[in-house]
Amino acid sequence: MSALSLGASRTRPAPAPRRGARARRIRAALAFYGFISPWLVGTILLTAFPVGYAVYISFTDWNGMTSFMPWVGLDNYRQVLTSSDTLSALSKTLVLAAIIVPVSILGSLALAVLLNKRMHGRTVMRTLIYLPAVVPPVAAALIWKVIFDKNSGAANRILALLHLNAVSWLTGQMAFVAMIIVLVWAIGSGIIINLAALQTVPAEQLEAAKMDGAGPLTTFRHVTLPAISPILLFQTVLVTITTLQTFIPAILLSPISDSSVVTNIQPANDVYMVDVYEQYFDYSRYGLGSAMIVVFFVVILALTALIFKFLGRSVFYAVDPTEGRS
Amino acid sequence: MGFSRTLSRRSVLRGAGALAGSTAALPLLSACGGQVGTSSASAKVQAVKPGTITIMSPTGEITDDLVKGFEQAYPQLKVTQINTDATRLNAMLAAGNPPDVVRDAGTDVTPYIASQGLALNLDAYFEQSSVFHDADIMPVNNVWKWDGTQQGTGSRYGIAKDWSQDAMWWYDTQLWANAGLAARRPTDPITYAELLDAAKAMTKSSGGKTSMYGLWYVTPDIDRIAAMVATAGGKIISDDLATVDFSSPEAQQALAWIVQAGKQGLGYSVANPSPDWDGPEMFAGKQATACQGYWYTGFTETTAPGFESKLQFNAAPLLGSTRISPTFGAVGFWIPAKAKNPGASFAWLEWYCGGAGAKQRISAGDGLPSVHSLLSVLPQRNDFERAVIATQNNELDYIKVVQVASPYALNTAINTTLAKDFPQAITGSLSVGQLADLLTTDVNAVLAAGKKALGK
Numbered sequence: 001m002s003a004l005s006l007g008a009s010r011t012r013p014a015p016a017p018r019r020g021a022r023a024r025r026i027r028a029a030l031a032f033y034g035f036i037s038p039w040l041v042g043t044i045l046l047t048a049f050p051v052g053y054a055v056y057i058s059f060t061d062w063n064g065m066t067s068f069m070p071w072v073g074l075d076n077y078r079q080v081l082t083s084s085d086t087l088s089a090l091s092k093t094l095v096l097a098a099i100i101v102p103v104s105i106l107g108s109l110a111l112a113v114l115l116n117k118r119m120h121g122r123t124v125m126r127t128l129i130y131l132p133a134v135v136p137p138v139a140a141a142l143i144w145k146v147i148f149d150k151n152s153g154a155a156n157r158i159l160a161l162l163h164l165n166a167v168s169w170l171t172g173q174m175a176f177v178a179m180i181i182v183l184v185w186a187i188g189s190g191i192i193i194n195l196a197a198l199q200t201v202p203a204e205q206l207e208a209a210k211m212d213g214a215g216p217l218t219t220f221r222h223v224t225l226p227a228i229s230p231i232l233l234f235q236t237v238l239v240t241i242t243t244l245q246t247f248i249p250a251i252l253l254s255p256i257s258d259s260s261v262v263t264n265i266q267p268a269n270d271v272y273m274v275d276v277y278e279q280y281f282d283y284s285r286y287g288l289g290s291a292m293i294v295v296f297f298v299v300i301l302a303l304t305a306l307i308f309k310f311l312g313r314s315v316f317y318a319v320d321p322t323e324g325r326s
Numbered sequence: 001m002g003f004s005r006t007l008s009r010r011s012v013l014r015g016a017g018a019l020a021g022s023t024a025a026l027p028l029l030s031a032c033g034g035q036v037g038t039s040s041a042s043a044k045v046q047a048v049k050p051g052t053i054t055i056m057s058p059t060g061e062i063t064d065d066l067v068k069g070f071e072q073a074y075p076q077l078k079v080t081q082i083n084t085d086a087t088r089l090n091a092m093l094a095a096g097n098p099p100d101v102v103r104d105a106g107t108d109v110t111p112y113i114a115s116q117g118l119a120l121n122l123d124a125y126f127e128q129s130s131v132f133h134d135a136d137i138m139p140v141n142n143v144w145k146w147d148g149t150q151q152g153t154g155s156r157y158g159i160a161k162d163w164s165q166d167a168m169w170w171y172d173t174q175l176w177a178n179a180g181l182a183a184r185r186p187t188d189p190i191t192y193a194e195l196l197d198a199a200k201a202m203t204k205s206s207g208g209k210t211s212m213y214g215l216w217y218v219t220p221d222i223d224r225i226a227a228m229v230a231t232a233g234g235k236i237i238s239d240d241l242a243t244v245d246f247s248s249p250e251a252q253q254a255l256a257w258i259v260q261a262g263k264q265g266l267g268y269s270v271a272n273p274s275p276d277w278d279g280p281e282m283f284a285g286k287q288a289t290a291c292q293g294y295w296y297t298g299f300t301e302t303t304a305p306g307f308e309s310k311l312q313f314n315a316a317p318l319l320g321s322t323r324i325s326p327t328f329g330a331v332g333f334w335i336p337a338k339a340k341n342p343g344a345s346f347a348w349l350e351w352y353c354g355g356a357g358a359k360q361r362i363s364a365g366d367g368l369p370s371v372h373s374l375l376s377v378l379p380q381r382n383d384f385e386r387a388v389i390a391t392q393n394n395e396l397d398y399i400k401v402v403q404v405a406s407p408y409a410l411n412t413a414i415n416t417t418l419a420k421d422f423p424q425a426i427t428g429s430l431s432v433g434q435l436a437d438l439l440t441t442d443v444n445a446v447l448a449a450g451k452k453a454l455g456k
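Chains as they are written, first to last, in full-length UniProt numbering: chain A, 1 to 326; chain B, 1 to 456.
Structure follows, in structure tokens:
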């Protein structure tokens with residue numbers, strides 16, 4: 001840029017730059033809306049609209065087929081909060097989460113630590129342990145169903161070799177145990193996340209701990225664990241939410257028949273989302289089912305908030321997570 | 001920046017949420033004015049319009065050959081099939097864009113689809129039909145009738161494609177004889193008590209495993225229970241179809257039988273469900289009996305050729321002394337009230353259930369026809385088929401519509417409730433009397449909720 005032009009711009013500062021700045025702002029805004037519009041349209045049509053619709057339905061007694069939608073106010077919510085069936089399903093779901101979340105988090109962390117050690121066949125072991133995570137949930141549930149078959153399954157054959165009586169894995173209270181086994185079996189993805197987290201632990205800190213005479217347990221407790229704690233918090237939230245929403249194993253571990261699938265779900269596996277499914281598609285009570293979904297959303301939100309409140313304190317962030325907040 | 005102050009990212013998102021919410025409310029406002037009818041007047045007959053008809057039916061049931069045959073008979077029509085899916089059907093009905101034809105079980109759905117104005121009243125179509133004549137239509141199709149208060153009389157809302165008397169049963173003659181049981185006359189009904197004894201003799205268990213079940217898969221479905229109770233002169237559902245009562249002596253007798261069969265492990269039960277249905281289990285040599293109707297003839301011949309030489313087809317068992325042998329399905333088709341081309345839809349019903357398509361299927365032994373005139377094409381090519389036909393012909397005298405369906409809930413809802421309660425009596429400590437009370441309370445709650453949802 002020449003001195004002359006610089007001088008000219010100094011003497012005539014007014015309209016042209018304002019127009020230019022305004023044009024830039026408009027261009028920036030158009031670019032912003034252009035880029036977010038696919039997401040925005042998708043969110044409105046596929047998330048906000050269905051959610052709004054479901055909330056509306058929760059105040060009606062709609063049967064899902066006719067155009068008749070009697071307004072019932074808070075009746076459905078009252079039923080959700082007082083129905084012994086729903087509360088029983090909710091308690092089963094919470095028990096399931098109380099078992100699955102710690103077992104999955106601690107199990108995947110322990111296996112990740114083992115697989116992080118230098119040893120022969122490490123890659124093969126990592127592949128084998130991760131394999132269940134890439135098996136589609138439907139296929140996994142069906143494989144386990146064959147394994148747990150009372151009369152011809154592998155599980156009872158092993159028991160027979162040990163001279164033990166056959167167990168009816170898929171019925172009664174054992175159906176709940178079978179579902180837990182299926183859910184825990186697929187902890188491979190947690191292992192991979194933990195393995196990735198373990199790679200991020202600064203080598204110099206581990207080295208320093210070693211030089212200071214810290215043993216493996218002390219190093220793990222005071223160096224490794226704080227370093228990977230944000231990942232563990234993320235996993236805890238994720239596993240809690242997915243476990244609370246358990247549905248596929250409950251459905252697919254149930255024996256089939258020529259009648260409805262749901263009628264064969266064992267009472268022990270009648271978890272919350274199964275109850276919701278029944279209300280929608282067996283009982284045609286779309287209003288009640290929607291109210292159950294809304295209540296469940298609040299429960300999940302509250303649990304997530306509790307996890308953040310109590311576990312968040314123990315999380316060590318290398319970068320201040322509040323940085324940049326006004 | 002001025003632009004971002006007036007329309008920030010956050011305000012865009014807030015606006016998007018509000019827009020979505022208000023959009024969600026629009027169709028609902030119009031929906032609120034809807035009414036539920038209790039029955040509908042006969043529809044005016046519409047001619048077949050050229051185009052495509054969409055049939056909702058289980059994948060593979062209507063073969064390509066049959067579709068081709070129909071399209072040759074009606075060159076102006078094309079058939080598109082969509083798989084049976086209750087969720088999708090509900091969505092299509094609610095959106096006012098239903099399939100042109102829906103495959104369903106007449107015993108289970110007629111009161112519901114007719115009373116809620118979902119199904120087209122087909123009286124006028126049947127009156128002008130050149131394929132269906134009142135005298136020729138078999139009585140089983142009465143399950144597709146609804147008069148506003150009762151199933152079995154009134155207007156027609158559908159027709160069976162093929163059907164069976166589903167309380168009839170089959171046994172493996174070798175296993176029967178090996179258990180030391182005397183061969184039975186197929187047309188003489190066995191009692192449920194005798195059946196339990198026979199099943200006990202054929203069941204083989206060891207080490208907690210059962211290698212042979214003497215009895216079929218006993219599911220506590222409302223239509224099976226109602227059929228058992230009907231043979232003892234009782235009934236489950238009230239005259240106004242709004243309540244049930246399982247506490248009568250006849251009903252408790254039926255419940256006791258189902259509980260005993262489950263408790264003793266004589267057959268798969270709701271507490272020990274089968275990995276499959278009767279057919280595959282029987283052909284695999286794991287089950288000695290099957291509670292299936294006539295349609296099992298063709299199924300056995302095509303699925304397990306040779307197995308039929310061991311089978312005997314028998315009259316429906318009795319709990320009491322009244323011979324009643326109902327159908328649990330009368331599976332066929334209904335036409336949604338908002339179908340776009342009802343003339344073409346009815347053409348499908350005529351061709352598939354009474355015309356050339358029906359003839360082709362019925363001659364394969366896959367079920368009984370909807371019309372008397374097609375009874376003659378039932379296959380009688382060998383001793384097995386002739387024996388089956390003899391038993392079946394005798395049983396036709398005992399067909400009766402046993403009222404089980406209600407306009408206030410689909411049978412799926414009732415069966416789900418029964419399946420939840422029964423295990424408490426089979427594996428738990430619930431007595432039959434307590435089970436009867438629990439079933440009555442729980443099913444009545446389902447019916448009451450359905451009634452309330454209809455604003456009644």
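Yeah, the Cβ is synthetic: ideal placement off N, Cα and C, and Gly gets one too.
Own chain partners of residue i with C-beta closer than 6 Å, once the 5 adjacent residues on each side are dropped
i: A/Gln266; result: Thr171 and Ala175
i: B/Phe246; result: Ala436, Leu439 and Thr440
i: B/Asn142; result: Gly152 and Val401
i: B/Ser155; result: Asn121 and Asp123
Straight-line gap, residue i to residue j (C-alpha atoms, nearest Å)
i: B/Gly117; j: B/Lys338; result: 10 Å
i: B/Glu350; j: B/Ala405; result: 26 Å
i: B/Asp147; j: A/Tyr283; result: 24 Å
i: B/Val79; j: B/Lys340; result: 14 Å
i: B/Lys263; j: B/Lys200; result: 12 Å
i: A/Thr60; j: A/Tyr77; result: 11 Å
i: A/Trp169; j: B/Leu66; result: 43 Å
i: B/Gly320; j: B/Ala167; result: 14 Å
i: B/Trp348; j: B/Val443; result: 36 Å
8 Å Cβ cutoff met for residue i and residue j
i: B/Thr303; j: B/Gly279; result: yes
i: B/Val401; j: B/Thr297; result: no
i: A/Leu244; j: A/Ala97; result: yes
i: A/Ile57; j: A/Gly312; result: no
i: B/Pro317; j: B/Leu195; result: yes
i: A/Ala302; j: A/Val271; result: no
i: B/Ser345; j: B/Val101; result: yes
i: B/Trp170; j: B/Phe307; result: no
i: B/Leu266; j: B/Thr173; result: no
Chain-ordered chain A contacts of residue i [CB-CB under 7 Å]
i: B/Leu196; result: The premise fails here: B/Leu196 is roughly 21 Å from chain A at the closest Cβ pair, so nothing lies under 7 Å.
i: B/Ala453; result: Asp61, Asn63 and Pro70
Cβ shell of residue i (< 7 Å), same chain only, five flanking positions each side left out
i: B/Asp372; result: The sequence given here places His at residue 372 of chain B; Asp does not occur at that position. Same-chain partners within the cutoff: Asp136 and Met138.
i: A/Leu142; result: Leu252
i: B/Arg5; result: Its pLDDT being 40, under 50, B/Arg5 is placed unreliably by the model, and the measurement read from it follows with that caveat. Result list for B/Arg5: empty, nothing under 7 Å.
i: A/Trp62; result: Met69, Tyr286 and Gly287
i: B/Ser269; result: Val218, Ala261, Gly262 and Ile426
Local Cβ density within 10 Å of residue i, reported as buried at 16 or more and exposed below that
i: B/Lys161; result: buried
i: A/Ala291; result: buried
i: B/Asn393; result: exposed
i: A/Asn194; result: buried
i: B/Arg88; result: exposed
i: A/Phe234; result: exposed
i: A/Pro246; result: In the sequence as displayed, the identity of residue 246 of chain A is Thr instead of Pro. Flag for A/Thr246 reads buried.
Chain-ordered neighbours of residue i on chain A, where CB pairs are closer than 8 Å
i: B/Val446; result: Tyr283
i: B/Gly207; result: Ala160, Asn165 and Ala166
i: B/Thr300; result: Chain A residues near B/Thr300: none, gap ~16 Å exceeds 8 Å.
i: B/Leu118; result: Met65 and Thr66
Cβ neighbours of residue i in the same chain (closer than 8 Å, five flanking residues each side left out)
i: A/Ile181; result: Trp144
i: A/Ala160; result: Ala166
7 Å Cβ cut-off: residues of chain B touching residue i
i: A/Pro267; result: Lys420 and Pro423
Amino acids of chain B, ordered along the chain, whose beta-carbon sits closer than 8 Å to that of residue i
i: A/Lys92; result: Within 8 Å Cβ-Cβ: nothing; A/Lys92 doesn't reach chain B, min ~13 Å.
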